[in-house]
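Novice: According to mature numbering (1 follows the signal peptide of the UniProt record, and there is no 0), the residues represented by the sequence shown are -27 to -1, 1 to 528, in order.
Pasting a structure below so you can have a look.
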Amino acid sequence: MVSMHALAWKIYWVVSFVLQLVSVTKGEDIFLEWHLALDLTIQPVNVDQPVITINGLFPGPLINSTTNDNININVFNDMDEPLLLTWNGIQQRLNSWQDGVSGTNCPILPGSNWTYAFQMKDQIGSFFYFPSIKFQKAGGGFGPIRVNNRIVISVPFPKPEAEFDLLVGDWIEQSYKAARSDWSIAPAMILMNGKGSFIDPFAKSYESFTVSPGKIYRFRISNVGTGWSFNFRIQNHKMLLVETEGSYTSQIELDSLDVHVGQSYSVFVAADQDVADYYIVASPKLFEMTNETSQAAVGVLHYDTSTTLAQGPLPIGPDPSDIEFSVNQARSIRWEPSVGAARPNPQGSFNVSNVTLSQTFILEGSLAQIGGGPVYTVNNVSYIAPDTPLKLADQYINGSGVYQLDVFSVNSSLQSPVTTGTFVVTGQHKGWLELVFENDLISMDSWHLDGFGFFVVGFGEGKWMPESRFTYNLQDPVVRSTVQVYPKRWTAVYVFLDNPGMWNLRSQHLKHWYYGQELYIRVHNADPNPVKERQPPSNILLCGQFFKVLFFFFF
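Right, dumping it as structure tokens:
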């Protein structure tokens, strides 16, 4: 028989344990104030062009957060045109109102401000943010995001000596405003954290990271460019791959890593070489180059007591045109199911080895002509963004007059001739969706789905066929939100549609996206309980049809 004293102690410890769990799962409230403006003095490539800064910084400031933190960012638009910011890979659980793309949010007008409010959930890893409309990403405005683990959740590697955010991407030599209206304008080079190349005598600055001998460092690498994949490597140093876009990977040692547009990775680098300086290189991959050396980004890994500059030829990477190297590396990047995730259970608790598919969408990206001009299409449809965000229309007028629901063919072989439209497809709530991306282009593509992470189950040549499923990896496919699609090939992913909302599915290649290669997936739960999906925020912006209604009512 348990005594009252012993029972009281048991109750005390249980209550204390519950209170401790509540305290560590609640998360912190983070408040940030950002001013986005155009700066003509930065000139990363020594030409006059407007660069989008945040609080005077290019790239923008780091969002350094922990799982369950509540993020509040008051964004002031000090530019001369509307803008939106989106959070690449951050899943916005039950809250597509904060997604920051044209289908979910009205833009922040010049001279005004708006506060994004969202919570970091179940993703421990590396991400970034960027402007999502008007081709502005080509002008900057991007920055890094870290989501760290809670104390009660262990990570599958030791704490590094330091962590470095490395935003790498192609860069044009003209204004982003000129590039959005001139099809012929293309990137000229790659920047590393907004800086030029160490070996370019005309560069104003270059990136350098200081390390101490015998220590281990984490590099969080993101491709924030508009169209180029790149191969990343560090002279004389190996890299240990540990994470991609919120998923712990099987830890594989690499000499170099292909990073495609929109993707993020974490690698560990040991400072285990002779004290000196070493080249850090990101060179263009899988496209027609004019000069790899002049187009590459070159930074420096500097040992803190080194007096020897980086020297010799740049470290040689794989053949820039070698697709098979890249595909084989992509297949080797796998989930590590035995390690813990953001919750106190292993990643392997969530797998696709025996799921039942509810839907299959086969989506072919291609280039076409409409009205004498080039457009990019999905299943021969080039998306037109309406003045009224789809989510706003869905909430108040059932989408009437703003978009067409489920008239878009999700089978690439059945679509009618090339056309334009604002199409939304229904995703079955809490169903498993198979997405097959086919790339009809002769260049690389990459696809991203807001609101979810998806399991990358397969890569293949030519057209996808139902029997292609026999080649899938269903045991340990990596989970991420952006996946590459190689020229004239297909990529397949599985996604569990447990996150109600209106979610953007797009090409991450900016020109493809801007000229129509996107659509929206409506994952609907009719239950009005805000636990199932959050209601519109109190500071909701109105535009399009709703602005017209207000104008008519008041004037």
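Beta carbons are placed, not taken as given, at the ideal position from N, Cα and C, and that holds for glycine.
Which residue's Cα is closest to the Cα of W87: G116, G62, L57, M93?
Specialist: Nearest C-alpha to W87: L57.
Novice: Could you tell me the boundaries of the beta strand (DSSP E) in which R479 lies?
Specialist: That run of the beta strand (DSSP E) goes 474 to 480.
Novice: How long is the line joining the alpha carbons of L13 and N50, rounded to whole angstroms?
Specialist: So the two alpha carbons sit approximately 17 Å from each other.
Novice: Under 8 Å, do L363 and V397 count as touching if we go by C-beta distance?
Specialist: Yes, the Cβ-Cβ distance between L363 and V397 is below 8 Å.
Novice: Sort S237, P310, G219, T361 by Cα distance to S373 and report the nearest one.
Specialist: Comparing Cα positions, the closest option is T361.
Novice: Report yes if the CB atom of P17 is closer than 8 Å to the CB atom of G167, and no otherwise.
Specialist: For P17 and G167, yes; Cβs fall inside 8 Å.
Novice: Let's test the definition: count the other Cβ atoms within 10 Å of the Cβ of K258 and tell me whether it reaches 16, buried, or not, exposed.
Specialist: Counting Cβ neighbours within 10 Å, K258 comes out buried, since at least 16 surround it.
Novice: Excluding the 5 residues flanking S105 on each side, which residues of the same chain have their C-beta closer than 8 Å to its C-beta?
Specialist: Closer than 8 Å at the Cβ level, and outside the excluded window around S105, lie L57, L58, T59, G73, V74, S75.
Novice: Over the uninterrupted alpha helix (DSSP H) stretch that includes L365, give me the two end residues.
Specialist: Note, L365: alpha helix (DSSP H), 363 to 370.
Novice: Do three or more CB pairs link the stretch 445 to 453 to the stretch 470 to 478 at distances below 8 Å?
Specialist: In short, these stretches do not touch, since the Cβ pair count stays below three.
Novice: Please work out which residues of its chain come closer than 7 Å, Cβ to Cβ, to F203, disregarding the five sequence neighbours upstream and downstream, and give them in chain order.
Specialist: Excluding sequence neighbours, F203 sits near V141, I163, N196, V232, A255, S256, P257, K258.
Novice: Between the C-alpha atoms of F4 and I27, what's the straight-line distance to the nearest angstrom?
Specialist: Distance between the alpha carbons of F4 and I27: 15 Å.
Novice: Of the choices A314, D295, W144, D53, whose alpha-carbon is the least far from that of T222?
Specialist: Among A314, D295, W144, D53, the Cα nearest to that of T222 belongs to A314.
Novice: Look up F520 in the DSSP assignment and say whether it is helix, strand or coil.
Specialist: It is helical.
Novice: How would you label W156, buried or exposed, when you count the other beta carbons within 10 angstroms and need 16 or more for buried?
Specialist: Exposed, by the Cβ-count rule.
Novice: Using a 10 Å radius around the Cβ and a threshold of 16 neighbouring Cβ atoms, would you call P131 buried or exposed?
Specialist: It counts as exposed.
Novice: Identify whether V(-26) lies in helix, strand or coil by the three-state DSSP scheme.
Specialist: Low per-residue confidence applies at V(-26): pLDDT is 42, beneath 50, and the placement is therefore not dependable enough to give any value.
Novice: If you drop the 5 nearest sequence neighbours on each side, which residues of the same chain put their C-beta closer than 7 Å to that of D228?
Specialist: So the qualifying residues of the chain are R206, K211.
Novice: Which partner residues of L164 appear in the DSSP bridge assignment?
Specialist: In DSSP, L164 forms a bridge with G142.
Novice: By DSSP's criteria, I118 is part of a beta bridge. Which residues make up the other side?
Specialist: DSSP lists I36, F100 as partners of I118.
Novice: Extract the residue ranges of the alpha helix (DSSP H) inside the stretch 483 to 507, only unbroken runs of 4 or more that lie entirely within it.
Specialist: For the stretch 483 to 507, whole alpha helix (DSSP H) runs of length 4 or above, ordered along the chain, are 483 to 487.
Novice: Determine which residues share a DSSP beta bridge with N412 and list them.
Specialist: In the DSSP output, where bridge partners are listed per residue, N412 has G338.
Novice: Less than 8 Å between the CB atoms is what I'm expecting for T40 and V120, so what's the real figure, rounded?
Specialist: Rounded, the Cβ-Cβ distance is 6 Å, consistent with contact.
Novice: Consult DSSP for R153 and reduce its assignment to one of helix, strand or coil.
Specialist: The answer is helix: DSSP assigns R153 an H, G or I state.
Novice: What do you reckon, are the CB atoms on F171 and A283 nearer than 8 Å?
Specialist: The answer is yes: Cβ separation under 8 Å.
Novice: Go through its chain and collect everything with a Cβ distance to P347's Cβ below 8 Å, but skip five positions before and after it.
Specialist: Within the same chain, P347 has close Cβ partners W156, L340, A341, Y488.
Novice: Within the continuous alpha helix (DSSP H) that includes A303, where are the two ends?
Specialist: First-last of the alpha helix (DSSP H) with A303: 296 to 305.
Novice: So, using beta-carbon positions, are G404 and I494 closer together than 8 Å?
Specialist: No, they are not a contact pair.
Novice: Give me whichever residues DSSP pairs with F205 in a beta bridge.
Specialist: DSSP lists L230, A255 as partners of F205.
Novice: Would you call the CB atoms of F432 and R462 closer than 8 Å?
Specialist: It is a contact, given that the beta carbons lie within the stated cut-off.
Novice: Taking contact to mean 3 or more Cβ pairs, one atom from each stretch, closer than 8 Å, check whether the stretch 271 to 288 and the stretch 238 to 254 are in contact.
Specialist: Short answer: they touch.
Novice: Do you know offhand how far Q71's Cα is from Q96's?
Specialist: Rounded to whole angstroms, Q71 to Q96 spans 17 Å at the Cα level.
Novice: Can you check which of these residues, G290, E216, N352, is closest to V383 by C-alpha distance?
Specialist: Minimum Cα distance to V383 is reached at N352.
Novice: If we call anything under 8 Å between Cβ atoms a contact, is F137 one with Y190?
Specialist: Taking 8 Å as the Cβ cut-off, F137 and Y190 qualify as a contacting pair.
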